[in-house]
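> Please find one structure pasted underneath; my questions will follow.
Numbering (my numbering), first residue to last: 120 to 454.
And the structure:
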């Protein structure tokens, strides 16, 4: 078992959350005067190559602060949180208004709400300050999400940022933390409508060459989250009927990564990490899956900093997997 090396993960994130360039981010322009440099468009989250990576790198830092507040890196995290201010949040909101309803939908929205859930759960004064400051943006994105989900006729079963199940998983954390029953019910209702009746998943389209999420596994973990253990056991047996026999084979073997300096191809390291996260969670219901999870984690864990195209975001997915692994091991020891 690899215990999370919180100090190392924090150093990775601290090294890029305020690194503005290189930068990738869409801006919808109606004239040349609409263009803003990243520091002005996103004064709070302008680093980490793109907006959503900066947001979830901040989530990583709050997890480190919560889990290991004694680390030397914790002071740098506290200083960063103390820099959150109303003017920067207002500028972030203004950019969302200018960019329109589809900007960062749903991946960035979900990560922002997960970040806010982490801030709200913290006892750290700096985190509480940041949560209070960030709440107006969280409120805007919650509203965008609740406007969007009822209009979405079909789930998006993609291996990239627009995956529906992954976003719902993250937002469930916010709904739970804030005890937001209307949001919880909407997430549960849509999840069941979209995924509860799926059976005999072949996973034939996986992996995609630029994927960092497994649509099949994200869906399974979402169902695990919202169903009772008994109901989920029956659902999983119908969804993956040959899971105990090593099927679907496409999901059980770690993927190969051949090019880490290409941002899209580097997604595959993230796929191994996000699969590991899912397999560790599913191993709570089917213990024989732990070995599959371990293999995926091992395939990616030594490549978090091979190239900036991965290092600006992979650590967050490594932490998801490592904490799921630790939770599973602790659970097994207590049984």
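All C-beta atoms in this analysis are idealised placements derived from N, C-alpha and C, irrespective of residue type, glycine included.
My assumption, with CB atoms under 8 Å, is that residue 189 sits in contact with residue 245. Please give the rounded CB distance.
Going by Cβ atoms, the distance from residue 189 to residue 245 rounds to 15 Å, so no, they are not a contact pair.
> Use the C-beta contact count for residue 270: other C-beta atoms within 10 angstroms, 16 or more gives buried, fewer gives exposed.
exposed
> Determine the DSSP secondary structure at residue 173, reduced to helix, strand or coil.
helix
> Would you mind reading off the limits of the alpha helix (DSSP H) that contains residue 267?
244–267
> Could you tell me which of 185, 288 and 268 sits nearest to residue 230, measuring between CA atoms?
288
> To the nearest whole angstrom, what separates the beta carbons of residue 157 and residue 208, a pair I think is in contact under 8 Å?
Between residue 208 and residue 157 the Cβ distance is about 16 Å, and since that is not below 8 Å, they are no contact.
> So which of 315, 323, 384 and 325 has the shortest CA-CA distance to residue 341?
315
> Quick one: what does DSSP say residue 207 is sitting in, helix, strand or coil?
helix
> So the alpha helix (DSSP H) residue 292 belongs to, where does it begin and stop?
283–296
> Could you have a look at residue 342 and say whether DSSP puts it in helix, strand or coil?
helix
> Take residue 144 and list the residues in its own chain whose beta-carbon comes closer than 7 Å to its own, dropping the five residues that flank it on each side.
157, 169 and 170
> Using a Cβ-Cβ cutoff of less than 7 Å, which residues in the same chain neighbour residue 178 once the five nearest sequence positions on both sides are dropped?
230, 233, 234, 237 and 435
> To the nearest angstrom, how far is the alpha carbon of residue 333 from that of residue 293?
22 Å
> Tell whether a beta-carbon distance below 7 Å holds between residue 387 and residue 322.
no
> Thinking just about the alpha-carbon of each residue, which of 451, 417, 453 and 365 is nearest to the one in residue 73?
The displayed coordinates of the chain run from 120 to 454. Any statement about residue 73 would go beyond what the structure contains.
> Can the beta-carbon of residue 363 be found less than 7 Å from the beta-carbon of residue 428?
no
> Within 10 Å of its beta-carbon, does residue 381 have 16 or more other beta-carbons around it, so buried, or fewer, so exposed?
exposed
> In the structure shown, what three-state DSSP assignment does residue 163 receive?
coil
> Which residues in the same chain have their Cβ closer than 6 Å to the Cβ of residue 296, if we skip the five residues on either side of it in sequence?
236, 239 and 240
> Quick one: give me the first and last residue of the alpha helix (DSSP H) that residue 99 is part of.
Summary: the structure shown does not reach residue 99, with the chain confined to residues 120 through 454, and so no result is reported for it.
> Can you give the Cα-Cα distance for residue 192 and residue 182, rounded to whole angstroms?
12 Å
> Does the pairing of the region 387–403 with the region 441–451 give three or more beta-carbon distances under 8 Å?
Cβ pair count under 8 Å is three or more, so yes.
> Indicate whether residue 251 and residue 147 have their beta-carbon atoms separated by less than 7 Å.
Contact: no.
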